[in-house]
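Colleague: Before anything else, here's the structure in question.
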Amino acid sequence: MVGVLGAFAELDGATGAIEEIKREGFTDFDVYSPTIRHELEHAVHPPQSKVRVFTLVGGLLGVTFGYWMAIWSSEYWPLVVGGKAIASWIPYTIIGFEVMILVGGLSTVAAIFILGGLPRLTRTIGYDPRFSGGDYGVFVRCNADRAESVESIFRSHGAGEVRRER
Amino acid sequence: MSTTSGSSGLKRREFLKVLGATGAAAGTVGCSSDSVERLIPYLNHPDQTVPGVSNYYATTCRECAAGCGVIAEVRDGRAIKLEGNPAHPLNQGAICSKGQAALQGLYNPDRFRGPMMREGERLVPITWDRALQELNTRLDQAGPALANGVFINQHESGSFPVVLDQWLATRGIPGHLSYDADLNLGTIAAHRQAYGVAWPTIDFTQARLIVSVGADFLDDWGAAVPQQLNFADARAQLQNAPRFVYVGPRRSLTGLNADQWIPCRPGSELAIMQALGGTGTASIAQAAEAAGVEPTLLQGLADELRGAGRSMILAGTRGADAMEVALAAAALNQALGNVGVTILPGSPATAFERAASYADVRGVVEQMASGQVPVFFVRGANPAFTTPPALGFAAAMARVPFKVSFSSYPDETTLLCDLILPDHHALESWGDAQPVPGLIGLQQPTMDPVFNTRPTADLLLLLTGGGALSAAPLAISGATSPGVEVPGAAALGSQVVPAPAPGAVTTTPREHLYRDWLIGRIPGGAAALTSALQTGLIAGNVGQSAAAVRPAPAPVAALPAIAQTEGDFFFHIYPSPLLGTGSGANKPWLQELADPVSKIAWQTWIEIHPTRAWDMGIDNGDLVTITTGTGSVTAPAYLYLGIHPDTVAMPLGRGHTAYGRYAAGIGVNPLIAVPAAEDAQSGGLAYSVTKCRVTKTGGFDDLVTTEGSARQHGRGIAQAMTVAELMAPVTDDHGHDIPGVPSYEPLPGLRSPVAADAQGELADPDSKDKGMYDPQHWSKMASRRWAMTIDLARCTGCSACVTACYAENNIPTVGAPWQGRATSPLTWDERPGANIVKGREMTWIRIERYFEGGEDYGSNFDTRFAPMLCQHCGNAPCEPVCPVYATYHSPDGLNVQVYNRCVGTRYCSNNCPYKVRYFNWFGYGEPNRRQYAFPEPLNWQLNPDVTVRGKGVMEKCTFCVQRIREAEHRAVAEGRLVEADEFTTACAQACPSRAIVFGDAADATWSVAQLATDRRAYHVFGDLSTYTAVVYLKSIIHPGPATPVQA
Amino acid sequence: MATIARPYSDPAGQRPNVPSADIQLPAVKSYEQVDEEIIGTLRPTGKWFLGLGLAIFCMLIGAAAWTYQIYWGLGQAGYEPPVMWGVYIITFVFWVGIGHAGTLISAILYLFRAGFRTTIYRAAEAMTVFAVLTAGLFPIIHIGRPWKFFWLIPYPNWRLLWPQFKSPLVWDVFAISTYLTISTTFLYIGLIPDIAVLRDRETNPVRRQIFAVLSLGWRNSEREWRHFARAYLFLAAFSTPLVLSVHSVVSFDFAMALTPGWHATIFPPYFVAGAIFSGFAMVWTIIIPIRKWWNLQHYVTLNHLDATAKVVLFTSLVVGSAYFIEFFIAWYSNVPVEQEYFWNRVFGQWWWAAWIMLTCNMILPMSLFSQKLRRNPTWLFILSLFINLGMWFERFVIVVPSLSHEFEPWQWSDYAPSWVDMSFLIGSFGWFFMWFLLFIKQLPVVAIAEVKEIIPPKLRGTVDSHGASAHGGH
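Protein chains in written order, with this note's numbering: chain H, 138 to 303; chain B, 89 to 1135; chain A, 137 to 610.
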């Protein structure tokens, strides 16, 4: 017995269920939604996402590397073109900028994977295909003796289906 | 010892390239696009030949009668470059385009591989033994009839005519005809009558006024190179330079160099001369009437002549009265006291002595037509093409039972012959020339024969068992040996070595009959010859052989004066300054080289005045038909400001029906429309003798021109100043007046190190003084700044520099009919010059010809010539845009192009204000492509020091970097620094005007450094701050009383 | 995703996930309907196969031309020195420009919270990726030795030979490759939830497995959504300067040169505006037939088209004024070379090209001042074709006349594309539409998850849910 899964057709049903479950002291639960609903985020009230850190670090690494590559390679093999300085900062800004975007962007994507726990290639319990369709879902991890109360909470908020995952 | 060119067919690499690229993975394959070359070292090391090191042989140029001295650079047994012989008093190191193109005659892919004999319609190869046997038997059969035999030889001075006539004598054949269609016989005859010599020396430097009446002394009138040297020196006297007035129906290259042009109708020159001289009947008014010009112009000229003091009048018309005009000119010279001052009969040229006239050829034709001639020999000359078809030379030849040609090329005359005994090229054989009295130019083999040919002289000696001729050799009189010193020897880089270099395999026996015969003539014998060959000169005289003894041809019925003939335009024909009357047409360099006047290549055009053309609805490129009583020719129209409105003009030289792949079927031959007329007095062929009807044919043919716009649009590319401006005092930076011709600060961009150079005053050396750019670097490379000055007051636009560049830098010619692009998946653009129509010529240096003034389409316009090449900018716009460092600024100031690194984005060319970068659109260097530019054995001429560029890369002028490095390496090897003016570039070396000077502008001891500070110095597009290394010196305008000033 | 992930209770009272009135989808009632209708579009039809075949055929023409050109050399193209750049560079800039609308719509309009992007952004983004994919080929096609193009990329090699980083062409390499990477990632990230939808609706086990892998096991959990929204925001924040920089860098190819007609500081903004202009036109060319053939009119409503039309009108005005500023500066600069060049551009040798450009890019779009026409899909489609033509000619006018009429009068020339050039032009369209057609039948061309976001959620009706404001609003 892992936990109880409730599927809600209505948004406010799901939010209500979540709030009550939290009141009941349940902390270990997942919430599913076909799309972003801030009502849910508000109900769950999670901590601030860490993606920003990845983005910042990636961007800084990128711009540094971009400048360094351009300057080092020019200095390594010094050739004068058009009478310009061998290492010209101003044009190299473009290189720095583009590499910043590249590395920053890719590390942001990495953030989704790491923080969001992707990719997840194994089927996991506590999920139902309709959560990508029309329904909202709440899955509470609990043992059998507390399952009853969870089920009742779900039903009281008009859960379309309540099922125990085992 | 043969370099193997890439195998034919689709090579694996190329296949991969194609495959990969189409798979959108082009980058991962085709690691190298270079074809593999094999190098085979010598087993037995031949004398004086070090692989990769050039030998230099002094010899004599036989491309025209002048007989300039040349130095042949020979690498590993192959002649790769011809340069003027600095020791030769005639051309003093200069050389013209024709002379340099001799190499493409030597390596011409269409030369006969060996003797040929006619079997039915075909010519089949035979052995030399069989050929000589055939010759002997046929001559024996002819027997006494040989008294009517004919031998037409190219006109040349020296010993060969002597030995030839001796041989003919042994066979009872009359003396040969020494025929050169390019010669201006009218002038020669007049000279002989007036001065007693065929060609007096003409000293332009002494004159204050030059009047030329159709005498194109910069094109083909007389010995072009020496005259051009002298003329350029005269013009370089700036304020003391002679003013130059040109009178003629068309502004030739010579005419474009004149300060004033007085247009006249063809045939009116005599009246003008008489009017000028006040002799004869014609008054100024009548002359002006006949000429179709303003009387004031002629009056002005007449007055000028009176007041000019030292002057010269030169006449070189090609009408039926050519000799009369020349005589009138001579008379005028005598009257004005020019003889002995500017015209020097005392030191004549002997090159033109003994030249047979066109009338002689006509006599031969009549003789042949009558069927009396048993045997006909031809060598070098091509009368079947250079005489008007109306004369019927070919038809008459057909009546001759046995026709022998010694020509090495399948030209029109030779293809009519029964037996072909191909001669060596002049660069493969011994000989001598006598351009001026007391001077013998020696001619020696520079390499082993390319093909199975044999020198005619050897054959003649062989046929007579050698004995009969060498029995009585004519000694060279007054010989002193060895010849003059070689000031240029150092500049040549290695001493001149006699004796042929080993190299290409030959099948001919190594016989030197003629050499030994020559040695017999020379006091001092072999030793004297060997030492003389160091300079290629001997002081002395060659005894002339007796002139041809043959019945003088009956005089022709004189044609009506040109003005009386029927037609609405005067028809003017002139020999091309590059192709002559056709001998140059089989040399791709000369076909590709744009005509100095019209800038058209690979094509024959019809020059017509814009005003008249527009009246008839004709514009550039419209096909126009010219019809005379004799025939009609059709060619595209070229609207030319420099032609008399009543005249249309066509160049000779093209329209061959044979003569090899580069000549046959290209252009049209205007002689088709010319009646066979001659100047009754001199016996010269008369070109301008008829009027013609001009009709618009309706078709259109793109002009194969290298010209974009003929106007400068005030952009100051070719600048000029009047004498007045030159002499006006200017104020220097400190407010002092600088009188006369002061020197200036060097223009920006001519300093070193490169940092300061590249950024001028704004230089931040720290940002660039790295590696070899550091002035402290051991190589001291950064202390030099290679630069060039081009004196526009000297430049005549002759374009010899262009050919020199082609020869030195392996530049491909792209105009041949098979080198074009596909116009559809199945069809190709096979017009001659198709690539040039698309602007794809590869001229690293080009001569831009701009017109100034003449907006009213009048005769009063000025012409500016500007040689344009890579300016090697200090702030080169082409460099920073290259994504792969394929072009950058070298520490010694060169704008370097790295072919192997170039990926071909062509951004550099887009960003080049001077448009001097050229792209390899096709695989011009790939033997298995139809665009291949060097078909065997033309590729033997390629300079081993310069790579042949692959397709898809950019190329441009390198300032002959291979010569720079060679000089530097030589200096290092000799433990010294490169000396001032120790070497120069190919263009500067060739320039017959000495307009181009190359050297280190950062070192004041080089002459370029002094010239660069001349008051006339300027940069093209200086306001772009490119800080170029090429400095132009303004040309000088000499306005006359008749011409308004225009700068 | 049309939402900014930020605290739900917004003092400004703005509710980003509540669509403004003009882009509601009244005809879309429920999440299930969205799934059904969008997934319904993925069924291949005969018309589609026909189109795909045509596209592949055109692509093969281009491939054949490339083989031919590599074998013989670039001379087979119509280049006429000094016109060293021609159809290839023109087409390159053309496709890069097209490639700008997608990122603009998905990133910039996202930051601006322009709701009308929701239903069209997926198509536009796919268009972007494939347009850049097409554009990226042309620099390689155009260089003399394509098998050496990798020398422009800073790859480690034992000689330590590197690209010349001062060259705008190297900037191009960086800009284009970065842009391709980021926009592809952006497209894919946005696709993940939709792929999850496909996965869960798919009956065919094989396809189901494929979708399962592609969706990376997306579970629509609140945790995933949270980071997802955050990351999407940052990606958008990166893409915005990127999309502006890319076409600026492309414009540097010209602006950095001293060629008259190229050497202009106005080029970056001028090019970006032109890019957006042409990009939106291409979006019309693509989306208008799709919405008609697949009956998506109630997703891509006239309101959406109206909104995009306003953007097109605006950019058209920007581009038009840029043209005039160019002429003004040429006159004001008093540089004869510039003046002659511009005169020659409009009244000389190249008048016809210039007037095609002015007509298609300035005059015709003026019609969009009329709301009637803005809401007329047929007209917008026709107009989009004209704008595509006009923008191709804008690049032609920039590239060719400038090069043909430079400083050196002696080297003035003409230019005419050859049959090889034209084959590449056809091939590029084939290549682009091949990818696009393959895309729209495999993956939803309208973003399912985002559409769900702007339609009101089901409610029990008891609580005062903020979603409710979607109906009456208050």
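Positions of the beta carbon are idealized from the N, C-alpha and C atoms, including for glycine. Treat the numbers as computed from the prediction; the structure is a model and nothing was measured.
1) Could you please give the first and the last residue of the uninterrupted alpha helix (DSSP H) stretch that includes Ile412(A)?
2) At what residues does the alpha helix (DSSP H) containing Ile289(A) begin and finish?
3) Is it buried or exposed for Ala559(B), if we count other Cβ within 10 angstroms and need 16 for buried?
4) Taking contact to mean 3 or more Cβ pairs, one atom from each stretch, closer than 8 Å, check whether the stretch 962 to 982 of chain B and the stretch 213 to 222 of chain H are in contact.
5) Closer than 8 Å, Cβ to Cβ, to anything on chain A: give me those residues from the stretch 884 to 917 of chain B, in chain order.
6) Answer yes if the stretch 757 to 769 of chain B comes into contact with the stretch 1060 to 1076 of chain B, meaning at least three C-beta pairs across the two stretches below 8 Å, and no otherwise.
7) Please identify the residue among Phe364(A), Gly526(A), Leu161(A) and Trp479(A) whose C-alpha is closest to the C-alpha of Ser186(H).
8) Check distances from the C-beta atoms of the stretch 917 to 946 of chain B to those of chain A and list, in chain order, the residues that come in under 7 Å.
9) Is Asn143(B) close to chain A, meaning its C-beta is less than 7 Å from at least one C-beta of that chain?
10) Rounded to whole angstroms, what is the Cα-Cα separation between Leu239(H) and Thr314(A)?
11) If you follow the beta strand (DSSP E) that Phe239(B) is part of, which residue opens it and which one closes it?
12) Counting only C-beta atoms, is Val217(H) closer than 7 Å to chain B at any point?
13) Spatial neighbours of Pro354(B) within its chain, please: CB distance less than 7 Å, with the 5 preceding and 5 following residues excluded, ordered by chain position.
14) Can you give the beta carbon distance from Glu589(A) to Ile173(H), rounded, assuming they're within the 8 Å contact cut?
15) With distances taken from CA atoms, which of Arg292(H), Glu302(H) and Glu235(H) is nearest Val379(A)?
16) Which residues in chain B have a C-beta closer than 7 Å to the C-beta of Ile223(H)? List them in chain order.
17) Could you tell me if Met956(B) is buried or exposed, where buried requires 16 or more neighbouring beta carbons within 10 angstroms of its beta carbon?
18) CA-CA distance, Leu619(A) and Ile426(A)?
19) Counting only the same chain and skipping the five closest in sequence on each side, list residues whose C-beta sits under 8 Å from that of Val194(H).
20) For the beta strand (DSSP E) containing His660(B), list its first residue and its last residue.
21) I'd like to know if Met558(A) contacts chain B, where contact means its C-beta is closer than 7 Å to some C-beta of that chain.
22) Applying a beta-carbon distance threshold of less than 7 Å, which residues of chain A neighbour Thr993(B)?
23) Keeping to the same chain, check which residues put their C-beta closer than 7 Å to that of Glu147(H); ignore five residues upstream and five downstream.
24) Excluding the five sequence neighbours on either side, which residues of its own chain have a C-beta within less than 7 Å of the C-beta of Met930(B), listed in chain order?
25) Can Val466(B) and Ser493(B) be called in contact, C-beta distance under 7 Å?
26) Taking just the CA atoms, how far does Leu142(H) sit from Gly153(H)?
27) Would you mind telling me which residues of chain H sit closer than 8 Å to Asp965(B), beta carbon to beta carbon, in chain order?
28) Please name the residue in Tyr1106(B), Leu625(B) and Lys1122(B) whose C-alpha comes closest to that of Tyr1115(B).
29) If you draw a straight line from the alpha carbon of Ile249(H) to that of Ile325(A), how long is it in whole angstroms?
30) Our contact map puts Thr148(B) next to Ala521(B) with C-beta atoms below 8 Å; I'd like the distance itself, whole angstroms only.
31) Beta-carbon within less than 6 Å of Arg1037(B)'s beta-carbon, same chain only, minus the 5 sequence neighbours each way: which residues are those?
32) Check whether the Cβ of His1126(B) lies closer than 7 Å to any Cβ atom in chain H.
33) Leaving out the 5 sequence neighbours to the left and right, which residues in its chain are closer than 6 Å to Phe416(A) when beta-carbon positions are compared?
34) Cβ closer than 9 Å: which chain A residues qualify as neighbours of Arg803(B)?
35) Taking the Cβ atom as the reference point for each residue, do Phe1086(B) and Thr1101(B) lie within a distance shorter than 7 Å?
36) I want to see whether chain B comes within less than 7 Å of Leu288(A), judged by CB atoms only; does it?
Modeller: Concretely, from the data shown:
1) Phe403 to Trp429
2) Segment: none, Ile289(A) is in no alpha helix (DSSP H) and carries neither H nor E.
3) Its pLDDT being 41, under 50, Ala559(B) is placed unreliably in this model, and the coordinates cannot settle the point.
4) yes
5) Arg909, Ala910, Thr911, Ser912 and Pro913
6) no
7) Phe364(A)
8) Lys926, Gly927, Arg928 and Glu936
9) no
10) 6 Å
11) Val238 to Gln242
12) yes
13) Pro337, Gly407, Ile650, Phe658, His660, Thr735 and Ser776
14) 6 Å
15) Glu235(H)
16) Ser855, Lys856 and Lys858
17) buried
18) In the structure as shown, chain A begins at 137 and stops at 610. Residue 619(A) is therefore absent and cannot be evaluated.
19) Ser244
20) Phe657 to Tyr662
21) no
22) Ile279 and Leu305
23) Gly295
24) Ile899, Pro900, Val902 and Tyr1006
25) yes
26) 15 Å
27) Looking at the sequence shown, residue 965(B) is not Asp but Pro. Per Cβ cutoff of 8 Å: Gly219.
28) Tyr1106(B)
29) 9 Å
30) 5 Å
31) Tyr987, Asn1008 and Glu1043
32) no
33) Ala237, Thr444, Val447 and Val448
34) Pro472, Val473, Phe543, Glu544 and Pro545
35) no
36) yes
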